[in-house]
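Mind the numbering: the sequence shown is residues 30 to 347 in my numbering, read in order. Each residue gets a CB set at the ideal place from its N, CA and C atoms; glycine is no exception.
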Amino acid sequence: MTGNVLSGWRFRALLLIVLLSAVGYLGFSLWGGWRDVVAALIRVGFIGTAIALALSLVNYGLRFVRWQKFLALLGHRVPHQESLRIYIAGFGLTILPGKAGEAIRSVFLKHHGVTYPESLAAFFSEHFSNLISMLILVALGLWVYPQAQIVVAILAGVILVVLVVIQQTRWLKILEMFAQKRLPDRLGTLVGHSIEIVLHSGRCFKLPMLMTGIALGLVAWGAEGLAFYYIMHTLGSDMSLQVALFIYAFSMLVGAISFLPGGLGGTEATMVTLLILNNVAQPQAVAATVIIRLATLWFAVALGICSLLIIEQKNKSV
C-alpha cells in the first residue's frame, strides 16, 4: 500500500497544491512590496539565513525526539533513520487543510506494525503538546498585550478539560461500548475509533511524559522564536526577546487553531499586525514575516517533499 501512496495523479496533485500555495505566498510577498522583501533578504544575508534554518532544524529535531518517545510509549520501536524519514515526510503535506496532510505518517508507519489509532494518537499528542508549549511561550509576554489574555485563558481552560478527559479511561471505555451498541453502524464505528485514539493518547500524557513533552516543545518552539528575534534585530528592530517570543508564539497559535493549511494567512496576518503595533513599518513587518515563514514553514515543506520522494523511491525498489 505504501508504495502507491504518492504515485501517479496523487503525487502530481501534491505538487500542484504546493505550487499554488507557493504562488499565493509570492503574492503575499509582493503585496508588502517585493523590493522590501528582497532588500530584507539581502540584509539578513547568507549567514543570517543559515542561522535561522539551523534553529528550525533544532525545532524539527527536538520534536522528532518527542515523537519517538510517543511511539515507544505506544509500544513501538521504529528504527530511528526510517522513523525520521517518515516524520519529516509529514511536513511535506503540512499545507493541506486541517493538518490532515501530516497524517500521511500513519500510512507509512502501518508498514512497521503501528496501527492507525496508535499513529493518530501520536499525531494528536504531538500537536496537543505543541499547543501547550506555545501557550506557555505566549503567557510569558502577556503583560505586553493584556488584550490577548482572554484568548489564552480560554485555550488554557480547553487544554485542562482535554487533559482531564483523556485520563478518564474507565468512562471512555464505557462510552466506546455504548457507541458501538447503540449508535448506527458507521457513526458507532467512527465514535469508537475516535475514542480508541483518545485512549491511546492518554498513555502519552501521563505526568512524566507530559512534562518531558512540554519541555521539549518549549525549547523547540523557543528556537524558532529565537530565529525570529535574530531576524528582527538584523532588520534594525530593538524589540526584546520576550516580545519577539510572544509575537512569534501567538501568531503560530492563531495559525494552529485556525486549522488553515499550515496556518497560512492567519499566522502571517497576526504576525504583521503585532509587528506594526510594535512600531515596525508595514513593509519591514511583511518582509520579516515572509523571511521567518520561509525559514520555518516552507523549509519544512521542502524537506518533507524530499523525504516523500526518498520514501517513494525506496518503496519502488522493494
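Helix, strand or coil at residue i according to DSSP, with G and I counted as helix
i      : result
Ala310 : coil
Met30  : Legend: pLDDT at Met30 = 47, less than 50; position of this residue unreliable, value from coordinates given subsequently. Note: Met30 maps to coil in three-state DSSP.
Leu289 : coil
Leu212 : coil
Val191 : helix
Leu332 : helix
Ser223 : helix
Phe207 : helix
Gln197 : coil
Gly62  : coil
Gly294 : coil
Gln342 : helix
7 Å Cβ shell around residue i - same chain, five flanking residues per side excluded
i      : result
Ile195 : Val227, Ser230, Gly231 and Phe234
Ala132 : Leu149 and Phe152
Arg72  : Thr263 and Leu264
Glu253 : Leu84, Ser85, Asn88, Tyr277 and Thr325
Rounded separation between residue i and residue j - CA only
i      : j      : result
Leu247 : Gly186 : 19 Å
Ser50  : Met163 : 25 Å
Leu149 : Met240 : 21 Å
Gln262 : Ile276 : First, the residue type needs correcting, since residue 262 is His and not Gln in the sequence shown. The alpha-carbon atoms of His262 and Ile276 are separated by roughly 14 Å.
Gly74  : Ser287 : 32 Å
Ala314 : Leu304 : 6 Å
Leu212 : Glu225 : 16 Å
Leu43  : Pro108 : 27 Å
Leu192 : Pro237 : 14 Å
Thr198 : Leu204 : 10 Å
Leu337 : Leu138 : 13 Å
Leu201 : Ile340 : 37 Å
Gln110 : Ile117 : 11 Å
Thr325 : Ser85  : 6 Å
Arg64  : Gly77  : 19 Å
Tyr145 : His105 : 13 Å
Gln97  : Gln176 : 38 Å
Gly349 : Gln342 : Residue 349 falls outside the range modelled here, since the chain spans only 30 to 347, and no answer is possible.
Gly130 : Val94  : 21 Å
Ser223 : Asn307 : 43 Å
Leu122 : His141 : 21 Å
Arg322 : Met206 : 45 Å
Leu219 : Gly333 : 29 Å
Leu245 : Leu184 : 20 Å
Selected residue, minimal CA-CA separation from residue i, among the options
i      : options                           : result
Val167 : Met300, Tyr259, Pro146 and Pro213 : Met300
Leu270 : Glu205, Ser148, Gly170 and Ala331 : Gly170
Val309 : Ile286, Leu264 and Val283         : Leu264
Val52  : Ile117, Ile124 and Ile286         : Ile124
Ile179 : Leu306, Asn159 and Phe279         : Phe279
Ala256 : Leu274, Gly295, Asp267 and Glu147 : Leu274
Gly294 : Leu48, Gly56 and Leu45            : Gly56
Phe157 : Val67, Cys335, Leu91 and Ile243   : Ile243
Gln311 : Val47, Ile46 and Ala69            : Ala69
Val66  : Ile320, Cys335 and Leu219         : Ile320
Ile80  : Arg322, Met281, Ile260 and Met268 : Ile260
Val181 : Met206, Ser266, Trp96 and Val283  : Val283
Cys335 : Ala101, Leu113 and Phe99          : Leu113
Ala101 : Leu184, Val143, Ile115 and Ser135 : Val143
Chain-order list of residues whose beta-carbon lies under 6 Å from that of residue i (same chain, five-residue window excluded)
i      : result
Met30  : Unreliable placement is indicated for Met30, whose pLDDT of 47 sits below 50; the coordinate value is still reported in the next sentence. Correct list: empty, nothing qualifies.
Gln209 : Gly217 and Gly221
Thr318 : Glu297, Met300 and Val301
Glu147 : Leu103 and His229
Ala249 : Asn88, Leu91 and Arg92
Ala329 : Phe120
Tyr258 : Leu270 and Ala273
Minimum Cβ-Cβ distance from residue i to chain D less than 8 Å
i     : result
Ala79 : Absence of chain D from the displayed structure is noted, only one protein chain being present.
Check: residue i C-beta below 7 Å from any heavy atom of the ligand HEM
i      : result
Pro146 : Judged by which ligands are present, the structure shown has none, so any question about the ligand HEM falls away.
Nonlocal neighbours in the same chain, by C-beta distance under 8 Å from residue i, ignoring five residues either side
i      : result
Ile46  : Ile124 and Leu125
Asp285 : In the sequence as presented, Asp is not what sits at residue 285; that position holds Ala. Only His156, Asn159, Leu160, Met163 and Gly292 meet the Cβ criterion.
Ile188 : Phe157, Leu160, Ile161 and Leu164
Ser154 : Phe99, Ser230, Cys233, Phe234 and Gly242
Asp267 : none
Gly251 : Leu166 and Leu274
Leu82  : Ala324 and Phe328
Inside the stretch 107–188 only - beta strand (DSSP E) runs reaching at least 3 residues
Inside the stretch 107–188, DSSP marks no whole beta strand (DSSP E) run of 3 or more residues.
Please give me, in chain order, every unbroken run of the beta strand (DSSP E) with length at least 3 that falls completely inside the stretch 81–108.
none
4 or more residues per run - each alpha helix (DSSP H) lying fully within the stretch 221–290:
The qualifying runs are 236–263 and 270–287.
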